[in-house]
Structure formats: C-alpha cells, structure tokens
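Before any comments, here is the structure.
Residue numbers (our numbering): -18 to 381.
Next comes the structure, spelled out in structure tokens:
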C-alpha cells in the first residue's frame, strides 16, 4: 500500500534554521550587522547549513509505502487450553473454477457474386481468378476490390504483400500495385474488403503476385498412431471415440496481378471533386448560355470568406511526352449582359503558354465574388497541335 502526500519544498531548510536559533551564537549569526571579527560570530558556510531561501516554494510529491496489514489464518477445530501448544492446521476451502475453451482450425474463403442466386447474393470460393486491369494512363489509377471472410470459429491475423516475378517483394515508393488494408485481424465469421490499386508512373506492362499470409493456417498436430500390440496379442479394434486425423490445411491465398499503362499527352495535377459525381450540384442551377454540363468535366472549386475578396487556385499541367506544345484556355460562358457577372468573378491569369517536354506548367485562376450567389463558369483547356481539349467547370462558393 502507498500513501501520497504533498509537502512544501524547503521545510527541511527551515528546520536547519530553527536549529540555528537554538545555537548560542544564533542571534549574532542572523544579525546582518554582526562583525565578522567578533569571536562569537559563526560563519554559516563553515557550519554546512544552508541559509533560508526566499521566494516561491514549490510543493513536491512524497510517496510513503505502508506496511501490509497483518494476516490471521483461520484454524480448524477448537482453541487449545491455556498453556497447551496449538497444533491445529490452517483451514482450507476448495473453489471450483469453470473454464471453457473452443478450438478450431483456421480456414478462409473469398466472397464472389452468385450468378445463380438473386441479385446481391454471394457465394464462398477458395480461389480468385487472375486480376487483369484495363489499360491505364500514367498518373491515373484503377481499383479492384474483393472480400475475404474468416470461415473458422477462431480469429486470425492476415498480411498482404506484393512480389515481382523474380520473387522479390515490391516495396518501391512508386510501385504500380498497392493493397489496402495490407494487414489486420479478422474475427470469426467476419469479412473485410481488400482494395488493390493500379497506379502506374511509367509506360510498361506490369505483372505482380499478391500473396497473403494468414497466421496458423497450416498449423496441424497429427494424431499419434495407436501403440503396436505386443508379441502374442491381437491388435485392438479402433475405439468409437478415437480421434481422427486433422484435415489438410488450405494454401495461403495468392492472386496474380497484371496491368498495362499508356502515356498521356498531358497530365493535370488537380484533385478530383465530387461536385458533379457526388450529386452536390443543385439540379436547378442553370449553366451559362442555357446549355448542359459535360459529365466528364474537371471541377475547380473556390470558397470565399465574404465578397470582394480575391481567391486564387493553382495547379499544374505536366507534359510527359518528348515534344513541347502550346496550350490555350477558352471561356465558354458566352458574351453579353447575362454573363458579365461571370467575367468579372472568374479570371484566368495565363490563358496561353507552352508546356516544355517532361516539364510542368502552372495554371492560375482567380475568383472575386461581388455577391454571395453560387456561380459556375465553363472553360476548356486546349492543346491545338494534338487536337486535345479538356472541359472544366469553375464553381464559386461564398461563406459569410
């Protein structure tokens, strides 16, 4: 047992001073006017006693350990007469403790759609077919998901790793294939969705192997054979409750991955927005000029804290080819009084320029709202030499 007590730092020092007060020469020691030449003068430093300290005192924590309380054993039988030796034994009671243990072999399965069942039904399979990704542009990504299920009555841990064809683990920063979650724990009967992402950064054809490691999947303890009969004895018949040999373990999960990348003419380094894909755009919002919005448009959103505030967004366009080219931005809002407020709100700083081979060019847009109205402006990024155009939608929000 421990007791915690707070004391003021410096109490011991004050105790030393009180001791000085009981010394015969304490008065002359504490007197600031005492003469050091006086024989009755006592030097504090010579006595080894520190002078009293001034200023703020800090409390400190002191932990005191209390001794354990005495233990008195209960003895069986009556107490002996006075003067007789006590030979009784300590009394003991038996307590029953019930323990329940469930053991099982580790097993797993993959869940895939059941084509013979109703829509949304799934079935369990032990293996998945090879996963081949469609052709993917550099710096873009594709994902595929599958479901892993723990079909055993005990939990297990899993770990996924990607290997190259030569058997080495692919741990490069720009590895084309990644898996999430790469490890975890799965309870009995539970499932987890595994996501495999293909994001190439070079033009190539990729082949990898996704290998899983499930703990204790192959752990098996064989049942020992019955003892051989001695000479002259007949072999005993197998008992009805004789334990069977454990089943063969499953193989560790393996999934072959493949994908091919293509080199784009340009790569726009702009985070994806769910303004169109996520249903955030109000259906009653009209486009400039009365047209319809292109569902494949890239979205550039602005958020302004108040009106008449200039807000700037910057992003880069990369040229991964070996030839430089020119670019041009065009506003498709139209002209006239109906779109004059859009022309004053949205501005492209660099409408034309050149993107050098293997380099990036910075694109800058500004949004200066004059009211708190939600605005949209339609633009198009063009590379005339390659007849390439990318539609853009600029969205302006105002928060007061």
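C-beta atoms are modelled at their ideal positions from N, C-alpha and C, and glycine is treated no differently.
Contact set for residue i: own chain, Cβ-Cβ below 7 Å, skip 5 residues either direction
i           : result
residue 147 : none
residue 338 : 300, 302, 303, 304 and 305
residue 340 : 300
residue 273 : none
residue 88  : 132, 133 and 231
Option in the options with minimal Cα separation from residue i
i           : options               : result
residue 128 : 115, 96, 119 and 172  : 172
residue 141 : 249, 108 and 195      : 195
residue 384 : 309, 179 and 322      : As displayed, the chain neither begins before -18 nor continues past 381, which places residue 384 out of reach and without an answer.
residue 90  : 259, 233, 290 and 273 : 233
residue 164 : 137, 158, 73 and 259  : 137
Separation of residue j from residue i, as counted between CA atoms
i           : j           : result
residue 116 : residue 181 : 10 Å
residue 296 : residue 176 : 28 Å
residue 228 : residue 210 : 27 Å
residue 66  : residue 58  : 13 Å
residue 393 : residue 139 : This structure cannot speak to residue 393, because the chain is shown only from -18 to 381.
residue 120 : residue 248 : 7 Å
residue 79  : residue 134 : 21 Å
residue 378 : residue 268 : 16 Å
residue 349 : residue 316 : 19 Å
residue 150 : residue 245 : 29 Å
residue 49  : residue 64  : 30 Å
residue 381 : residue 270 : 28 Å
residue 191 : residue 313 : 47 Å
residue 375 : residue 243 : 28 Å
residue 95  : residue 259 : 29 Å
Under 8 Å between C-beta atoms of residue i and residue j
i           : j           : result
residue 132 : residue 105 : yes
residue 372 : residue 275 : yes
residue 325 : residue 282 : no
residue 45  : residue 56  : no
residue 311 : residue 279 : no
residue 293 : residue 351 : no
residue 92  : residue 103 : yes
residue 226 : residue 203 : yes
residue 236 : residue 355 : no
residue 143 : residue 160 : yes
residue 109 : residue 189 : no
residue 323 : residue 358 : yes
Under the three-state DSSP convention, the category residue i falls into
i           : result
residue 365 : helix
residue 325 : helix
residue 320 : helix
residue 40  : strand
residue 372 : strand
residue 193 : strand
residue 94  : strand
residue 170 : coil
Contacting residues, own chain, Cβ-Cβ under 6 Å from residue i (five flanking each side not counted)
i           : result
residue 123 : 114, 117 and 179
residue 162 : none
residue 240 : 114, 179 and 187
Beta-carbon proximity list for residue i, same chain, < 8 Å, skipping 5 on both sides
i           : result
residue 335 : 305, 306, 307, 308 and 342
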